[in-house]
Amino acid sequence: MIVQIQGNVGFPITLDPTVWIFDDRKIELNEAFGVSDNEDSENDQQQVWDRNEYQQKLRPPVNQSVTRYNRKKVLENSYVMPLHHFLKNSEPSGDAKEAILHTTDGDETISLDQLEQSYLLFALDGKPLTEDGPIHVILNDGSNKDAPFKGVEKISIV
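Pasting the structure below:
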């Protein structure tokens, strides 16, 4: 249930999507594509991240206390994680232009810009993606939201 980012990068990294459910950077799937129930909360969350951007390199922001309401909400919703947090830390080379998504069904090639702005679906209805996981890659424009790249096990930067 891990995903590697490797290839033409300064630092190959390994991602563990099973722990992202506790990460404050996660976004509800519907909110990621413009369907938001609470815009004020989204704006407040963005201000917190702008203020704490420098701390992300030291340690990921993790919920320190999950209330009973939040615990129930976490177990019922679908979540995505923006990939740019991790891609920036892997430091892709300046001449890198494409990314190969190694999936259980074969390889898919997308541009590095598309990859940087994409979302990683890691929880569907509060549960990890076990059958066709560990992650699905959804482009930021939502064009492949209904048919994401499924079963992504490794990302190679070329």
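Numbers given in the working numbering equal positions in the sequence shown, counted from 1, plus 2.
C-beta atoms are modelled at their ideal positions from N, C-alpha and C, and glycine is treated no differently.
- Considering only S158, S120, G108, the residue with the shortest C-alpha distance to S95 is S158.
- Judged by DSSP secondary structure, F124 falls within the beta strand (DSSP E) whose first and last residues are 121 to 126.
- Contact annotation: G128 and L77 have beta-carbon atoms nearer than 8 Å.
- Proximity to F124 across H104, S113, P136 peaks at P136, based on C-alpha coordinates.
- If the five residues before and after K99 are omitted, its C-beta is found closer than 6 Å to the C-beta atoms of L114, all from its own chain and listed in chain order.
- Of the residues assessed, A149 falls on the exposed side of the cut-off, its CB having fewer than 16 other CB atoms within 10 angstroms.
- Look at A98 here: in three-state DSSP terms it is coil, with no helix or strand label.
- The DSSP-derived three-state label of P150 is coil.
- When secondary structure is reduced to three states using DSSP, V160 falls in the coil class, being assigned neither helix nor strand.
- Assigned with DSSP and collapsed to three states, D115 falls in helix.
- Between the alpha carbons of D25 and L17 lies a distance of about 13 Å.
- Of the candidates T132, N91, Q116, K147, N91 places its Cα closest to the Cα of G12.
- Only exposed fits G36, as fewer than 16 other CB atoms lie within 10 angstroms of its CB.
- Secondary structure note for L141: it is in no beta strand (DSSP E), with a DSSP letter that is neither H nor E.
- Using a Cβ distance threshold of 8 Å, I140 and Y81 do not count as a contacting pair.
- For G153, the closest of V21, G108, G9 by C-alpha to C-alpha distance is G108.
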